[in-house]
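Just so we're aligned, residue 7 is where the first sequence starts under the working numbering, counting upward by one.
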Amino acid sequence: MPELPEVEATRRSFADAIAGARILSVSLGKPLRWPLGCAPQDLVGRRVLQVRRRGKYLLLELSQGLLLLHLGMSGSLRFAPQAPGLPAAGAHEHFDLVTSQGTLRLHDPRRFGAVVAVSGEDDPRARKLLDGLGMEPLDPASFTWARFAAGLQARRAPIKTVLLAGKLVVGVGNIYASEVLFLSRIHPATPACDISTVKARRLFTAIGQVMAQAVELGGTTLRDFSNALGVNGHFQHTAQVYGRAGQACHACSQPIQLLRQGQRSSYYCPRCQKTP
DNA sequence: CATGTTACCTGGTCGC
DNA sequence: TGCGACCAGGTAACAT
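Here it is as structure tokens:
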């Protein structure tokens with residue numbers, strides 16, 4: 007479910023409301039992808055200072071240590087301001103952070119998500135997850151044309167794979183990868199190093215613009231994504247190719263093609279997106 | 001080292 | 001209505 011825009015839309019939806027809150031209790035459901043790494047009671051009494059994001063991870067900065075939160079494939083958060091606010095945890099709700107300002111709850115049917123408590127960003131467990139992440143596409147100081155162009159030059163894997171890997175740029179998942187490649191008119195199977203300078207430049211621009219626009223629209227709600235306040239995203243109405251196999255390209259009316267790369271599907275227009 | 005494949009887990013959808 | 005096959009927004013660990 008959640009690519010960078012969904013994670014960022016989620017962050018924005020509860021960050022201010024939870025800032026300064028004291029942790030009153032923590033409860034866990036079924037195991038997530040990784041163990042929390044400490045006893046839930048150990049978190050009680052700490053304060054949530056702020057909520058940041060790195061790639062698809064949310065970083066809850068505590069008065070002591072850090073909580074790393076990943077939504078995996080099917081995760082979503084809900085923040086209920088007042089005291090009772092939320093009903094008892096359901097079958098797919100595996101983490102509750104009860105604070106003096108409301109409860110933050112993780113809903114994640116497939117449990118590919120995780121909540122990990124670490125001492126800080128230098129903690130080995132944090133470094134294992136965060137080191138090696140690519141540039142932040144919403145941060146101009148991080149996401150530069152020079153670094154992007156050099157990164158493409160250095161890889162011969164298909165551009166779709168390079169984008170999904172997140173080592174060059176973070177946050178571009180399966181939906182947005184198809185979208186940005188369509189906007190820059192690049193075939194998803196093109197080896198990254200073979201992309202012309204003109205198209206690479208268009209891709210660089212498209213990534214920045216699409217990510218920013220998708221955040222503004224609250225992300226993409228295909229099935230059940232909503233932000234921490236329960237509000238759905240709207241980017242899906244703007245999508246040009248994702249999920250549109252067989253339907254007419256909005257630019258040239260050629261049918262959109264589905265391509266399998268690894269176990270992931272890419273959608274592209276065979277006329278607009280020729281190889282190099 | 002770079003790249004490709006598998007595994008994790010549940011639920012929805014589709015064809016028979 | 002039931003059942004199996006396949007698909008789904010991610011990514012670490014492994015194999016090549």
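Positions of the beta carbon are idealized from the N, C-alpha and C atoms, including for glycine.
Inter-stretch contact at 8 Å, needing at least 3 Cβ pairs: the segment 70-82 / the segment 151-164 = no
C-alpha distance - residue 123 paired with residue 72, whole-angstrom precision | 6 Å
Do residue 127 and residue 136 have their C-beta atoms within less than 8 Å of each other?
-> yes
What's the C-alpha gap between residue 4 and residue 99?
-> The structure shown does not extend to residue 4, since the chain is modelled only from 7 through 282, so no value can be given for it.
Name the DSSP beta bridge partners of residue 120, please?
-> 76
Any contact of the segment 167-179 with the segment 211-231, i.e. 3+ C-beta pairs under 8 Å?
-> yes
For residue 262, the three-state DSSP class (helix, strand or coil) | coil
Please list, in chain order, all residues of the same chain as residue 148 whose beta carbon is under 7 Å from its beta carbon, the five residues on each side excluded.
-> 141, 142
Assess, as a yes-or-no matter, whether the segment 14-27 is touched by the segment 48-63 under the definition of 3 or more beta carbon pairs within less than 8 Å.
-> yes
Residues bridged to residue 114 [DSSP beta-bridge criterion] = In DSSP, residue 114 forms no bridge with anything.
Going by alpha carbons, who is nearest to residue 53 out of 31, 134, 87, 204?
-> 31
What is the DSSP secondary structure of residue 213, counted as helix, strand or coil?
-> helix
Name the two residues that bound the continuous alpha helix (DSSP H) containing residue 16.
-> 10-24
Can you give me the Cβ contacts of residue 242 inside the same chain, cut-off strictly under 7 Å, excluding the 5 residues immediately before and after it?
-> 226, 227, 228
Exposed or buried, what is residue 186 when buried is set at 16 or more other beta-carbons lying within 10 Å of its beta-carbon?
-> buried
Residues near residue 259 by beta carbon distance below 7 Å, same chain, minus five either side = none
Identify the residues that DSSP records as bridge partners of residue 109: which are they?
-> 86, 104
Which term fits residue 45, buried or exposed, when burial requires 16 or more other beta carbons within 10 angstroms of its beta carbon?
-> exposed
Starting from residue 127 and walking both ways along the alpha helix (DSSP H), at which residues does that stretch end?
-> Element bounds for residue 127: n/a, residue is neither H nor E.
Beta carbon of residue 249 nearer than 8 Å to that of residue 273 = yes
With a 10 Å radius around its C-beta and 16 neighbouring C-beta atoms as the bar for buried, classify residue 102 as buried or exposed.
-> buried
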